[in-house]
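A quick write-up on the structure given underneath.
Residue numbers (the numbering used here), protein chains in the order written: chain A, 11 to 342; chain B, 11 to 342.
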């Protein structure tokens, strides 16, 4: 393990690992600030999200490459949820005294792997010592076409609610790591839950297609779970919502895990956080456009789980009985 | 003192305090990400900088309003040093368990005061718990006209080196707080040093004027001190530099303080960090344009302290003797 040395040496080491800057990045990392040519005819999307040791990750359960990957993915997911395409990241590292050069290399491994997958460039960043936890705080920019922006508030009564992928895997994976930890005895389904916790897959292609194709009226990601997302879209859109419990796509590993712990798989899956799936509202007349998005989304499932309603309640319908939607997940 | 409550309540409390979003911010804080209409005909400037408890501030010496102000000012300074104008900030707060609602209000007091001074809007942010220090991590965007960008690398041999304002005050103020602390016995000069430590004044007007008027070929801010900045501009520009010790504008309070501690005021002032003054290189033919910037800068002093040279050494000339420039300040 090598000590970090001076800030300048460490910045130089990081810069050497960055791929060549895209031509739009006219002043790349290394000056007081980065300068970029904006995408023509587009609006800009801005977001920030931090990954904090002891709050969002535990070094016993995730490698630092996982941490770096995750810090990028959670930001990109927010941009996709606006119908946008992520383009540039600013990295702010807070490094405890015990951090080694190898630790920084590992963070960058994950960051650059996710950046390559999403065609994102690192525009700049900042290094600081931390007297406490390791923190990777990312700010990300992206672009979206005007009139293609997917806010949370665009839904209308009668719009169908669709969710991508499947739910509960990340929450189940984290619980498994905390309670079990013997990865040799892992089923393939459970291994997938661990991967979803460690390396969340942001639905970037689906988000930008939903924006471009006008298939959706509202969209948000499920970072705090389906229950929270349905409530937020309904509130922002001035509607209520019903969710059909039987239709919710629960990840098979999560269903097995929650059942084995004597818990209700559905309630655990809709309340669990860190599913970076998308919840979208689709008007009846856009059903064909949604099928187009589905076909272009490389096998990603879109499941109809309910609809927005004129009444303001947010309701879970289960075996014909209506009950209030359970509470969501809170990272805070 | 009131406890923070839920993330949602705290976000709502913060949002209620934000001034109305400018029309360019088409999706203001509260959705997955913010959406903004880019400035027409401009490039975008991006930067990030964190202010960390125990590293960059000490609650005994600064209020949380000072901390918020400072977190904004240090980012805005980086944008000004590119010849740009800051426009939007993303705020990432890491909050220890003992943080109260009043603490968050105080941070916002300073943030919004600086934002109002600089006509900056808050575009969004993120809240997280911290198992360690309080952190305010800001990412900031601004704009700059193409061909008006001031990098560190644009200087040429023969360009004069100018510095704004005066040096050493922030470093002297911090030392005074650490070693003395009886503010009743404070001279007016020393009180100014404390203010410079607590509420650094970024040279925003000067930076954007220097870019627009083509008065400068290179620019950077003095966050790590004059010695460091001269070395970095010379290195990036492929030149050397000489600095005339007798010309360096040392803040009178800093001169008194460093002398009283038996230290060399010049060496202390050029090595001290946290002067958010600007170092600029000015070609001979732009001397008239620099006078124009000076006149428009509301009394801000521009002092010629040396020049860039063909030889690669970075030299301090003192009483006719040449010596290597001393080392700079490191926050890391």
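All residues carry an ideal CB built from backbone N, CA and C; glycine is no exception.
According to DSSP, is residue i helix, strand or coil?
i: residue 36 of chain B; result: coil
i: residue 172 of chain B; result: strand
i: residue 284 of chain B; result: coil
i: residue 87 of chain B; result: helix
i: residue 262 of chain A; result: helix
i: residue 178 of chain A; result: coil
i: residue 317 of chain B; result: strand
i: residue 75 of chain A; result: helix
i: residue 150 of chain A; result: strand
i: residue 126 of chain A; result: helix
i: residue 49 of chain A; result: coil
i: residue 289 of chain B; result: strand
i: residue 99 of chain A; result: strand
i: residue 192 of chain A; result: coil
i: residue 134 of chain A; result: strand
i: residue 210 of chain A; result: coil
Which one of the options has the shortest CA to CA distance from residue i?
i: residue 338 of chain B; options: B:161, B:237, B:106; result: B:237
i: residue 71 of chain B; options: B:23, B:189, B:216; result: B:189
i: residue 144 of chain A; options: A:12, A:210, A:77, A:152; result: A:77
i: residue 201 of chain A; options: A:281, A:247, A:181; result: A:181
i: residue 17 of chain A; options: A:45, A:298, A:107; result: A:107
i: residue 68 of chain B; options: B:130, B:187, B:335; result: B:187
i: residue 290 of chain B; options: B:193, B:203, B:227; result: B:227
i: residue 281 of chain A; options: A:319, A:316, A:222, A:341; result: A:341
i: residue 33 of chain B; options: B:25, B:45, B:323; result: B:45
i: residue 136 of chain B; options: B:26, B:43, B:328, B:264; result: B:43
i: residue 89 of chain A; options: A:160, A:20, A:223; result: A:160
i: residue 21 of chain A; options: A:194, A:79, A:61, A:102; result: A:102
i: residue 348 of chain A; options: A:151, A:302, A:217, A:198; result: There is no way to answer for residue 348 of chain A, as the model of chain A reaches only from 11 to 342.
i: residue 297 of chain B; options: B:164, B:191, B:85, B:223; result: B:223
i: residue 217 of chain B; options: B:323, B:330, B:303, B:104; result: B:303
Excluding the five sequence neighbours on either side, which residues of its own chain have a C-beta within less than 6 Å of the C-beta of residue i, listed in chain order?
i: residue 149 of chain A; result: 58, 100
i: residue 268 of chain B; result: 275, 278
i: residue 332 of chain A; result: 325
i: residue 328 of chain A; result: 255
i: residue 117 of chain B; result: 74, 78
Which residues of chain B have a Cβ atom closer than 9 Å to the Cβ of residue i, listed in chain order?
i: residue 139 of chain A; result: 62, 64, 65, 341, 342
Counting only Cβ pairs nearer than 7 Å, list the residues of chain B close to residue i.
i: residue 162 of chain A; result: 41
i: residue 38 of chain A; result: Within chain B, no residue comes near residue 38 of chain A; the closest Cβ sits about 10 Å away, beyond 7 Å.
i: residue 243 of chain A; result: Those within 7 Å of residue 243 of chain A in chain B number zero; the least Cβ separation is about 11 Å.
i: residue 154 of chain A; result: 45
Report back the beta-carbon spacing between residue i and residue j to the nearest angstrom; my notes put them in contact at under 8 Å.
i: residue 172 of chain A; j: residue 314 of chain A; result: 5 Å
i: residue 87 of chain A; j: residue 162 of chain A; result: Actually they are not in contact, since the Cβ atoms of residue 87 of chain A and residue 162 of chain A sit about 14 Å apart, beyond 8 Å.
i: residue 183 of chain A; j: residue 206 of chain A; result: 6 Å
i: residue 345 of chain B; j: residue 141 of chain A; result: Residue coverage of chain B in this structure runs from 11 to 342, which leaves residue 345 of chain B outside it and unanswerable.
i: residue 111 of chain A; j: residue 14 of chain A; result: 6 Å
i: residue 225 of chain B; j: residue 308 of chain B; result: That belief does not hold up - the Cβ atoms of residue 225 of chain B and residue 308 of chain B are roughly 16 Å apart, past 8 Å.
i: residue 147 of chain B; j: residue 147 of chain A; result: 5 Å
i: residue 81 of chain B; j: residue 121 of chain B; result: 7 Å
i: residue 199 of chain B; j: residue 266 of chain B; result: 6 Å
For residue i, collect the residues of the same chain with a Cβ closer than 8 Å to its Cβ; drop the 5 residues on either side in sequence, then sort them by chain order.
i: residue 51 of chain B; result: 155, 156
i: residue 153 of chain B; result: 48, 49, 52, 53, 54, 55, 94, 95, 97
i: residue 83 of chain B; result: 124, 209, 210, 211, 212, 286
i: residue 109 of chain A; result: 14, 144
i: residue 36 of chain B; result: 45, 46, 47
i: residue 126 of chain B; result: 29
If the cut is a Cβ gap below 7 Å, which residues of chain A does residue i touch?
i: residue 135 of chain B; result: 58
i: residue 142 of chain B; result: 140, 141, 142, 143
For residue i, which residues in chain A fall below 9 Å Cβ to Cβ?
i: residue 147 of chain B; result: 58, 60, 102, 104, 136, 138, 145, 147, 149
i: residue 91 of chain B; result: 41, 42, 43
List, in chain order, every chain B residue whose beta-carbon is nearer than 8 Å to that of residue i.
i: residue 121 of chain A; result: The contacting residues do not exist; residue 121 of chain A stays about 14 Å from chain B at best.
i: residue 88 of chain A; result: 42, 43
i: residue 159 of chain A; result: 36, 37, 45
Quick one: residues in its chain with C-beta nearer than 7 Å to the C-beta of residue i, no 5 flanking neighbours on either side, listed in chain order?
i: residue 276 of chain A; result: 255, 258, 260
i: residue 230 of chain B; result: 91, 162, 239, 242, 243, 289
i: residue 319 of chain B; result: 167, 249, 250, 251, 252
i: residue 169 of chain A; result: 227, 291, 292, 293, 317, 318
i: residue 31 of chain A; result: 38, 131
Can you name the residues of chain A whose CB is closer than 8 Å to the CB of residue i?
i: residue 53 of chain B; result: 36, 45, 46, 47, 48
i: residue 17 of chain B; result: 340, 341, 342
i: residue 114 of chain B; result: Ordered by position in chain A, no residue passes the 8 Å Cβ test against residue 114 of chain B, which lies about 12 Å from the chain.
i: residue 98 of chain B; result: 56
Which bits of chain C does residue i rub up against, with CB to CB less than 9 Å?
i: residue 231 of chain A; result: Chain labels in this structure do not include chain C; the protein chains are A and B.
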